[in-house]
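K.L.:
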Amino acid sequence: MWNEVVTETKQKMQRATESSREELTKIRSGRANPSIIETIRADYYGAMTPIKQLATISAPESRMLIVQPFDASAVAEISKAIQTADLGLTPQIEGKMIRVPVPALTKERREELIKVVKKVAEDGRVTVRTVRRDANDKIKKLEKDKKITEDDRESALERIQKETDAAIKHIDDIAKNKEEELSNI
């Protein structure tokens, strides 16, 4: 009974950490990384489609991304989507591919991005803690309804806390790595 609550809690915490990781990956660090543009959506025959489904994205150099659409007719739309994504990137169309130079970050912009990293990490930690609180409430309700024993409750609360600590540590590690990446460029 309580194992189900713990398993569900673990899955929710994994989704929260994965969501935080994805958000942090999107933050441009001045180094070319395909993940900064792969989730941008481009109009492809009337459907807003992520670029990663429309093209191959590679980073042959530290400050250059190459986007090679599977369908040559999508080049202009992909370029327009990257341009309007408010990432400070200016794509250049060259035949059937798009070159996206990644400019160096200014000191001020780096500091802004570090603040964003900290906010995203804090939002992730808050989500994990909310999941923990909800799970703890469910466990306590199960005990109150006499569906589990006091020992079961303690075991469940302990496992939930371990999952919480692991999820928060994972988010903190990802955020720390991103901050270092932003600081060391």
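For the sequence shown, my numbering gives the first residue as 646, with consecutive numbering after it. Beta carbons: idealized from backbone N, C-alpha and C, even for Gly.
Using the Cα positions of residue 794 and residue 779, report the straight-line distance between them to the nearest angstrom.
P.N.:
Between residue 794 and residue 779, the C-alpha separation is close to 19 Å.
K.L.:
Assuming residue 790 is part of the alpha helix (DSSP H), what are its boundary residues?
P.N.:
It is not in any alpha helix (DSSP H) - residue 790 carries neither H nor E in the DSSP assignment.
K.L.:
Classify residue 775 as buried or exposed, calling it buried when 16 or more other Cβ atoms lie within 10 Å of its own Cβ.
P.N.:
It is exposed - the Cβ of residue 775 has fewer than 16 other Cβ atoms within 10 Å.
K.L.:
Please determine, among 811, 781, 812 and 817, the residue with the shortest C-alpha to C-alpha distance to residue 800.
P.N.:
For residue 800, the nearest C-alpha among the options comes from 781.
K.L.:
For the alpha helix (DSSP H) that contains residue 750, what are its first and last residues?
P.N.:
First-last for residue 750: undefined, no H or E at that position.
K.L.:
Under three-state DSSP, which class holds residue 679?
P.N.:
In the structure shown, residue 679 sits in a helix (DSSP, three-state: H, G or I).
K.L.:
Assign residue 714 to one of two classes, buried (16 or more other C-beta atoms within 10 Å of its C-beta) or exposed (fewer than that).
P.N.:
Buried, by the Cβ-count rule.
K.L.:
At the level of alpha carbons, what is the spacing between residue 796 and residue 697?
P.N.:
Going by the C-alpha atoms only, they are around 49 Å apart.
K.L.:
Run through DSSP, which three-state label would residue 702 get?
P.N.:
Strand at residue 702.
K.L.:
Does the region 685–693 touch the region 756–769, meaning 3 or more C-beta pairs lie closer than 8 Å?
P.N.:
No, the region 756–769 does not touch the region 685–693.
K.L.:
Rounded to a whole number of angstroms, what is the C-alpha to C-alpha distance between residue 773 and residue 720?
P.N.:
Roughly 40 Å between the two C-alpha positions.
K.L.:
Threshold first: 3 residues or longer. Then list the beta strand (DSSP E) segments lying entirely within the region 742–826, N to C.
P.N.:
If we require 3 residues or more, the beta strand (DSSP E) runs fully inside the region 742–826 come out as 742–746.
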